[in-house]
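Read the structure below first, then the notes.
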Amino acid sequence: MNKLAVAGISVGAVAIGLYTGVSIYTSKAAEAKIDKFIADVDDAVVIEYDSAKVSLLGQNLTVSDIRVAPVEAPEQIVNIDKIIVREYDDQSDFPTVFDASIKGIQVKTDQANVAMIAPVLSQAGYNDALNLDTRYTYDEASGDMTLEKFRLGADDLGYFEVTFQLGNFDPAATTNDALTLQAAEIVYQDQSFVENLLASMAAQSNQDVKEFKTQLTSGIIQNAQFFVPADSPTAMAAVQEATAFIENPKGFSIAANPQQPLLVSDLASAGDPAVMMEMLNLQIEAY
């Protein structure tokens with residue numbers, strides 16, 4: 324073997340050893356941070372996990388085989404296949420950025436908190452584990468808080484997404500009269516869950532699903548005459564879009580775009596849902 328080959332093998336061996344050593348170090352450091360977090364919340368939940376590792380290239384932290392349960396109900400275990408943290412600020416009292424994915428969230432339908440709706444969930448196709456992707460940023464100087472992504476669901480069921488922007492956010496305040504809502508949106512994309520759920524409800528009533536949908540939408544329209552102001556275009560549009568979604572449940576979006584930053588305290592004290600919808604400049608669309 325020539326000297327160049329020996330040198331190449333030696334460098335490769337050193338690189339592998341260095342990578343392994345650093346991987347072990349970073350994994351141990353990751354486990355230490357996770358254990359500290361678990362200790363901080365151990366009065367509310369019990370958290371266990373099997374392993375944690377850090378990718379040297381992407382700096383992603385991956386925690387595998389997690390088990391979470393409330394302290395007061397340790398039998399209600401939620402199993403999670405994997406948590407991947409892409410970005411996390413652990414230097415601030417309230418993290419200024421958090422970007423992560425949670426894969427394979429498994430909630431047993433025989434647990435007490437979901438047992439009553441377990442048959443409906445099963446008939447609607449709730450058999451798959453759920454996935455969650457989320458990212459938020461917080462600017463301490465301005466008080467702006469932005470939830471850029473909160474996406475929960477499964478490929479065979481559908482996905483529920485939430486985004487919002489808040490102003491004057493203070494994580495240390497127990498009450499905050501200056502908190503404002505700048506924008507928000509809820510989007511639901513259905514794959515099968517709602518259609519299967521409606522079919523299940525129709526079957527329980529010994530009805531054809533089309534007949535059940537007609538009955539359901541008719542009930543909504545009739546009740547709207549008593550509860551929805553005719554002079555509120557936003558509220559009337561909401562009724563129309565709700566019935567359209569029931570007839571063809573593919574998806575819907577609810578977007579709030581106030582004309583100017585809206586004090587959350589003003590919104591909470593409005594009382595009348597129709598007034599709240601106008602304050603939010605709410606746009607609802609089924610598609």
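Heads up: the sequence shown begins at 324 in my numbering, then just goes up one per residue.
We put the beta carbon where it would ideally sit given N, CA and C, even for glycine.
**Study point:** Endpoints, the alpha helix (DSSP H) within which Ala-558 is located
**Key:** 556-570
**Study point:** Buried versus exposed call for Ser-287 [16 or more other C-beta atoms within 10 Å across all chains shown]
**Key:** Residue 287 lies beyond the range of the chain shown here (324 to 610); nothing can be said about it.
Check your understanding: Exposed or buried, which one is Pro-572 when buried takes at least 16 other CB atoms within 10 Å?
Key -> Buried, by the Cβ-count rule.
**Study point:** Cβ separation of Asp-493 and Gly-466, assumed to be a contact under 8 Å, to the nearest whole Å
**Key:** That pair is a contact at about 6 Å.
Check your understanding: In terms of DSSP beta bridges, what is Phe-421 paired with?
Key -> Tyr-411, Tyr-459
Review point. Distance, Cα to Cα, Ser-424 vs Asn-519?
Key: 27 Å
Practice item. May I ask you to report which of helix, strand or coil DSSP gives Gln-429? Key: strand
Exercise for review: Could you tell me the boundaries of the alpha helix (DSSP H) in which Glu-601 lies?
Suggested key: 596-603
Point to revise | Neighbourhood of Gly-481 by C-beta, 6 Å cutoff - its chain only, sequence neighbours within 5 removed | key: Short of 6 Å from the beta carbon of Gly-481, and not among the five residues preceding or following it, lie these beta carbons of its own chain, in chain order: Gln-512, Asp-513, Gln-514, Phe-516.
Exercise for review: Leaving out five residues on either side along the sequence, give the residues of the same chain with a beta carbon under 6 Å from the beta carbon of Gln-429.
Suggested key: Asn-402, Ala-452
Practice item. Could you check how far apart the C-beta atoms of Leu-489 and Thr-498 are, in whole angstroms? I think they sit under 8 Å. Key: Leu-489 to Thr-498, Cβ: 15 Å. No contact.
Exercise for review: To the nearest angstrom, report how far apart Thr-457 and Asp-422 are at their CA atoms.
Suggested key: Those two C-alpha atoms are separated by around 6 Å.
**Study point:** Top-ranked residue by Cα proximity to Leu-605, from Asp-595, Ala-561, Gly-574
**Key:** Nearest C-alpha to Leu-605: Ala-561.
Review point. Helix or strand or just coil, what does DSSP make of Ser-541?
Key: helix
Point to revise | Ranges of the beta strand (DSSP E) found wholly within the region 387-411, counting only runs of at least 3 | key: Within the region 387-411, the runs of beta strand (DSSP E) that reach at least 3 residues and sit entirely inside it are, in chain order, 401-411.
Exercise for review: Just confirm the distance between the C-beta atoms of Gly-558 and Ala-597, as a whole number of angstroms; I'd bet it's less than 8 Å.
Suggested key: It is Ala, not Gly, that sits at residue 558 in the sequence shown. Ala-558 to Ala-597, Cβ: 5 Å. Contact.
Practice item. Output the residue ranges of the alpha helix (DSSP H) runs that lie fully inside the region 359-385 and measure 4 residues or longer, sorted by chain position. Key: none
**Study point:** Residue interval of the beta strand (DSSP E) (run including Gln-505)
**Key:** 503-513
Practice item. Kindly list the residues whose CB is nearer than 7 Å to the CB of Pro-552, restricted to its own chain and excluding five residues on each side of it in sequence; keep chain order. Key: Ala-558, Ala-597
Practice item. Whole angstroms is fine: what's the gap from Asp-373's alpha carbon to Ala-477's? Key: Between Asp-373 and Ala-477, the C-alpha separation is close to 24 Å.
Point to revise | Where Gly-344 falls: helix, strand or coil (DSSP) | key: Summary for Gly-344: the model assigns pLDDT 48, below 50, so the residue's position carries little reliability; its value from the coordinates is reported in the next sentence. If DSSP states are grouped into helix, strand and coil, Gly-344 belongs with the helices.
**Study point:** Secondary structure of Ala-452, DSSP reduced to three states
**Key:** coil
Review point. For Phe-473, does the three-state DSSP call read helix, strand or coil?
Key: strand
**Study point:** Of the residues Val-386, Lys-405, Ile-370, the one placed nearest Glu-398, counting alpha carbons only
**Key:** Ile-370
Exercise for review: Indicate whether Phe-549 and Ala-609 have their beta-carbon atoms separated by less than 8 Å.
Suggested key: no
Exercise for review: Could you please give me the residues that DSSP links to Leu-585 through a beta bridge?
Suggested key: Leu-504
Check your understanding: For Glu-601, which residues of its own chain have a beta-carbon under 7 Å away from its beta-carbon, when the five flanking residues on both sides are left out?
Key -> Ser-555, Thr-557
Point to revise | Residue burial classification, Val-386 (beta-carbon count within 10 angstroms, cutoff 16) | key: buried
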